[in-house]
Amino acid sequence: MEKFTLEALFKIIGLGSASGLVYKDNSLFIISDNSTFLYQYHIQEKQLSKIQLLEKGEENIPKKDKYDFESIVLKGNKLHLLGSGSTSKREKRITYNLETKEIIEKDLSQLYQNLKQTASISDNELNIEGALFCNKKWLLFQRGNGVNSKNGIAIINGKLNKNSTIEFIPIQLPKIKHIETSFTDAIFVDEKIYFLATAEDTTSTYDDGEILGSLIGRMDSKTFEIEFTQKISDTQKFEGLTLYQKSETQIEFLLCEDNDSDVLETNIYKISVPKF
1032 MEKFTLEALF KIIGLGSASG LVYKDNSLFI ISDNSTFLYQ YHIQEKQLSK
1082 IQLLEKGEEN IPKKDKYDFE SIVLKGNKLH LLGSGSTSKR EKRITYNLET
1132 KEIIEKDLSQ LYQNLKQTAS ISDNELNIEG ALFCNKKWLL FQRGNGVNSK
1182 NGIAIINGKL NKNSTIEFIP IQLPKIKHIE TSFTDAIFVD EKIYFLATAE
1232 DTTSTYDDGE ILGSLIGRMD SKTFEIEFTQ KISDTQKFEG LTLYQKSETQ
1282 IEFLLCEDND SDVLETNIYK ISVPKF
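Structure (structure tokens):
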């Protein structure tokens, strides 16, 4: 593909293990997989604020207890935060209304159970790492980093509830070294799906492994045919992707990196991808 650029944009202090982000009105809304806060970074002021989502506000939650919010989606005036589903504690959906500040918590355990049955995914291999809403459907991106390497997209008609119909589309992603990459986020832009994927040397959705690299790619939003992939790092695990700005010739995205540590700092990157 044509030349692309990846650059470090800024560092946010006070937030660690970033797992997803949304850019809106010169602010970044960021989630962390080991926190019960929604973070808002005001870019011009370089200030970070925290929005408490659950009754008990916690950061750096131990792995066995964390809610593992891995997906954040802007739909209308609401942010939707989804747990990964990889343990029973990780089956929540939180919505935050940007206008009214209302917070609503919903249990997704039955929906996730139906998804596992539809896709023939075992309890310990479900790992939803990205989500988006397009063509009147929710798409949930299953990260196939378990033993069976089952990457795929769950297509959910209508709302995210236990009565929704589910279709699962397996997706084969490129390898980095000897490991198939697996989804870490996705976004819908101009009728296309742009996604991130990482190769991690582990067969567990729970335990971390050696990072072998990350890539960005694009697929058709109707056929899910992959149109391109490009490796963007040999060592980093990018887990969040949001639209920053676009022109006639290129699209700029912002990315966040999960450093898999307790250090409360997060680097934000910008990647410029040519249109073609």
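Basically our numbering = 1-based index in the sequence shown + 1031.
Glycine included, C-beta positions come from ideal geometry on N, C-alpha and C.
Here the structure is a predicted model, which means the values were calculated and not measured.
For Q1144, the enclosing alpha helix (DSSP H) starts and ends at S1140 to A1150. Two segments are said to touch when three or more pairs of C-beta atoms, one from each, lie closer than 8 Å; by this definition the stretch 1187–1194 does not touch the stretch 1127–1136. Here the alpha carbons of S1303 and T1212 stand approximately 21 Å from one another.
For a cut-off of 8 Å, the C-beta gap from E1160 to F1199 is around 15 Å, too long to register as a contact. Within the DSSP bridge table, the entry for F1172 names G1161 and I1184 as partners. K1262 has its alpha-carbon roughly 12 Å from the corresponding atom of F1226. Per DSSP, the beta-bridge partners of L1246 are A1228 and K1262.
Assigned with DSSP and collapsed to three states, N1155 falls in helix.
Nearest neighbour of F1307 by Cα position, chosen from G1107, Y1300, T1280 and G1175, turns out to be T1280. The beta carbons of E1038 and Y1300 sit about 7 Å from each other, so the pair counts as a contact at 8 Å. Using a Cβ distance threshold of 7 Å, K1081 and F1068 count as a contacting pair.
For V1053, the number of other beta carbons within 10 angstroms of its own is at least 16, and it is reported as buried. Sorting E1258, D1289 and L1246 by C-alpha distance to the C-alpha of G1240 places D1289 at the top. Below 8 Å, too few C-beta pairs join the stretch 1082–1100 and the stretch 1176–1185 to call them touching: fewer than three. Under DSSP, D1293 shares a beta bridge with no residue. Using a Cβ distance threshold of 7 Å, K1206 and L1243 do not count as a contacting pair. Per DSSP, the beta bridge partners of S1303 are T1036 and E1283.
For D1221, no beta strand (DSSP E) encloses it, and the DSSP letter there is neither H nor E. Distance check between Y1127 and each of L1246, K1095, Q1083 and N1057 places Q1083 closest, using alpha-carbon atoms only.
Taking 7 Å as the cut-off, the Cβ atoms of I1044 and N1065 do not count as close. Of the other Cβ atoms in all chains shown, 16 or more fall within 10 Å of the Cβ of S1117; this residue is therefore buried. Under the three-state reduction of DSSP output, K1137 falls in the strand class. Per DSSP, the unbroken beta strand (DSSP E) holding H1111 starts and ends at K1109 to G1114.
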